[in-house]
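Asker:
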Amino acid sequence: MRVGFIGLGIQGGPMARRIAEAGHPTTLWARRPEALEPFRDTGAAYAGSPAELAAASDLVCLCVVSDNDVREIITRPDGVLAGLRPGGVIAVHSTVHPDTCVELAETVRAQGVSLIDAPVSGGGPAAAAGTLLVMVGGDEPDVQRCRPVFDSYARQVVHLGAVGAGQVTKIINNLLFTANLATAVSTLRLGESLGLDPKRLGELISQGTANSFALGRVVAGGGLDSIAQHAAGLLRKDVDLAADLAARAGTKDGIVFDAAQDTLSVMDRLLGN
1354 MRVGFIGLGI
1364 QGGPMARRIA
1374 EAGHPTTLWA
1384 RRPEALEPFR
1394 DTGAAYAGSP
1404 AELAAASDLV
1414 CLCVVSDNDV
1424 REIITRPDGV
1434 LAGLRPGGVI
1444 AVHSTVHPDT
1454 CVELAETVRA
1464 QGVSLIDAPV
1474 SGGGPAAAAG
1484 TLLVMVGGDE
1494 PDVQRCRPVF
1504 DSYARQVVHL
1514 GAVGAGQVTK
1524 IINNLLFTAN
1534 LATAVSTLRL
1544 GESLGLDPKR
1554 LGELISQGTA
1564 NSFALGRVVA
1574 GGGLDSIAQH
1584 AAGLLRKDVD
1594 LAADLAARAG
1604 TKDGIVFDAA
1614 QDTLSVMDRL
1624 LGN
């Protein structure tokens, strides 16, 4: 499969590199030309626009930040849809509202193109190591066509249902991760107040039944400070998405939302907001 990749950030960059290094003919596009420099050694081609990238691709992967970014890159006059041939597939790796993916899937279907949502979990280090978890929503034939590409950067690819199902799963995952950050920090502070070294306590708990990915991030970074610097806005976006989904379903928010909001409040204080 010829692959186009847009969104060469902390997570998307390593994903694109692994796709190219796995031997898939790869084309890249970025708003900032300097973002392409690290890929000079991969053999990837560079496109002048999303449409040019799409014209050289069977599968276009998007790993940009927001719903508006995804929508704009697909539908703008020189966007992905302007260049992708009938039979092509768009994979949305971004974490966005599931309704955005459902809406765009309808839009591109009118031109004979398929869209699947395939958000990932694990972060940049897991992308570089090829151990991401991919949560996919879409038609089975489209998912199967894309699986060899996803396998280049993933340890597991899980098909969860129709378009949007991957996003719902990823949003719930990020909600729980945000909540777990608050409980991890609170636990380490309790240990410190009782005379324990918080770093050693965190390292010990990480080896036991109370371990979590969030605890590992807190221990490795020495607290929430570094996480807040680069992830506070993204986590707030995902918690807001989860709250919207819960409200639409008539579901009671529950403890997980309280804990997640505690995390966001602490991050706001750390950032001086």
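Going by the working numbering, the sequence shown runs without a break in its numbering and finishes at 1626.
Cβ atoms here follow ideal geometry from the backbone N, Cα and C, with glycine treated the same way.
The model shown is predicted, which means the values in this text are computed figures rather than measured ones.
1. When the Cα of residue 1588 is compared with those of 1606, 1558, 1533 and 1460, which residue comes out closest?
2. Residue 1385: which of 1460, 1543 and 1400 sits nearest, CA to CA?
3. Could you spell out the range, first to last residue, of the beta strand (DSSP E) harbouring residue 1381?
4. Using 10 angstroms around the beta-carbon of residue 1371, count the other beta-carbons present and answer buried if the total reaches 16, otherwise exposed.
5. Take residue 1470 as the anchor and find which of 1503, 1364 and 1484 has the nearest alpha-carbon.
6. Could you compute how far the alpha carbon of residue 1366 sits from the alpha carbon of residue 1548?
7. Using the C-alpha atoms, what's the distance from residue 1453 back to residue 1387?
8. For residue 1414, which three-state DSSP category applies?
9. Mapping DSSP to helix, strand and coil, what is residue 1474?
10. Hey, would you say residue 1413 sits closer than 8 Å to residue 1360, going by beta carbons?
11. Taking 7 Å as the limit between beta carbons, can you name the residues of its chain near residue 1458, skipping five residues before and five after?
12. Evaluate residue 1527 with the Cβ neighbour count: other Cβ atoms within 10 Å of its Cβ, from every protein chain shown; 16 or more gives buried, anything less gives exposed.
13. Which residues mark the beginning and the end of the beta strand (DSSP E) in which residue 1510 is found?
14. The beta strand (DSSP E) that contains residue 1357, what's its start and end?
15. Please report how far the alpha carbon of residue 1612 lies from the alpha carbon of residue 1558, in whole angstroms.
16. Express the C-alpha separation of residue 1472 and residue 1427 in angstroms, rounding to a whole number.
17. In three-state DSSP terms, what is residue 1577?
Answerer: On the basis of the data shown:
1. 1533
2. 1400
3. 1379-1382
4. buried
5. 1503
6. 43 Å
7. 29 Å
8. strand
9. strand
10. no
11. 1468 and 1516
12. buried
13. 1507-1514
14. 1356-1359
15. 20 Å
16. 17 Å
17. coil
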